[in-house]
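Numbering (UniProt numbering), first residue to last: 1 to 208. Using N, Cα and C, we set each Cβ at its ideal position, and we do this for glycine too. I have placed the structure first, in the form of structure tokens, so that the comments after it can refer back to it.
Encoded structure:
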């Protein structure tokens, strides 16, 4: 089972989710979307909390209010961490999580860097607000992955088709401009002032 929360700290609202237990955490490590952001208490056991970022948001520009929601949810769902102040929370994109066969259930490392948050104390108003939005759902992770990839491919194909159309229109415009310059050059040849101009009589004689 997966627990879903809605954060209204930003507009439009953001979805935050986490596994109900360590077995579900393993599934989330495997099936989390690459653009999701993973949160965890540093060096302590805690829930694996994921932020599904809204469109247009990057992991290194998440608003402070949204980071606070995620961090407080992690702290509240850590048996040991919930009792401590001055807690360190780490977070990183889900596709930066590294899982090897010799790791314990729920344990991860990282391919590259991570970021750090410091939570001074538990903020009950934040935790209570998020808990009021909690929903428990059964998730078909494989089907969700298939649907996500299908949607992303559709968007990529549409973008590629639009770029091809724009490139074709640009090439057509350039050809038209090139043709216009060539046409103008035939009928706008400047007169050579060094050649004497013929009189009307001389022009008539040329055709006699």
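Does the Cβ-Cβ distance between residue i and residue j come in under 9 Å?
i           : j           : result
residue 130 : residue 69  : yes
residue 38  : residue 125 : no
residue 26  : residue 105 : yes
Alpha carbon to alpha carbon, what distance is there between residue j and residue i?
i           : j           : result
residue 162 : residue 36  : 27 Å
residue 52  : residue 91  : 13 Å
residue 174 : residue 154 : 30 Å
residue 9   : residue 65  : 6 Å
residue 192 : residue 160 : The pLDDT assigned to residue 192 is 49, lower than 50, so where the model puts this residue is not dependable; a value taken from the coordinates is nonetheless given after this. Roughly 52 Å between the two C-alpha positions.
residue 45  : residue 11  : 31 Å
residue 1   : residue 79  : 20 Å
residue 157 : residue 147 : 15 Å
residue 13  : residue 100 : 34 Å
residue 62  : residue 113 : 16 Å
residue 139 : residue 48  : 16 Å
residue 107 : residue 123 : 27 Å
residue 95  : residue 167 : 33 Å
residue 76  : residue 132 : 14 Å
Please look up how many angstroms separate the CB atoms of residue i and residue j, rounded, as I've assumed it's under 8 Å.
i           : j          : result
residue 136 : residue 3  : 6 Å
residue 134 : residue 31 : 20 Å between Cβ atoms; not a contact.
residue 73  : residue 29 : Not a contact, Cβ separation roughly 18 Å.
residue 41  : residue 89 : 6 Å
Counting only the same chain and skipping the five closest in sequence on each side, list residues whose C-beta sits under 6 Å from that of residue i.
i           : result
residue 58  : none
residue 203 : Reliability fails at residue 203, whose pLDDT of 47 lies under 50, so the model's placement of it is uncertain and the value that follows must be treated cautiously. There are no such residues.
residue 17  : 2, 4 and 50
residue 71  : 89, 117 and 119
Given residue i, which residues of its chain have a CB within under 8 Å of its CB, disregarding the five upstream and five downstream residues?
i          : result
residue 15 : 4, 5, 6, 7, 51 and 52
residue 20 : 1, 2, 3 and 136
What residue range is occupied by the uninterrupted beta strand (DSSP E) comprising residue i?
i           : result
residue 67  : Note, residue 67: premise wrong, no beta strand (DSSP E); alpha helix (DSSP H) at 64–76.
residue 115 : 115–119
If you follow the alpha helix (DSSP H) that residue i is part of, which residue opens it and which one closes it?
i           : result
residue 127 : 124–131
residue 51  : Element bounds for residue 51: not the alpha helix (DSSP H) but the beta strand (DSSP E), 49–52.
Only counting the same chain, and skipping five residues up and downstream in sequence, which positions put a Cβ closer than 7 Å to that of residue i?
i           : result
residue 171 : none
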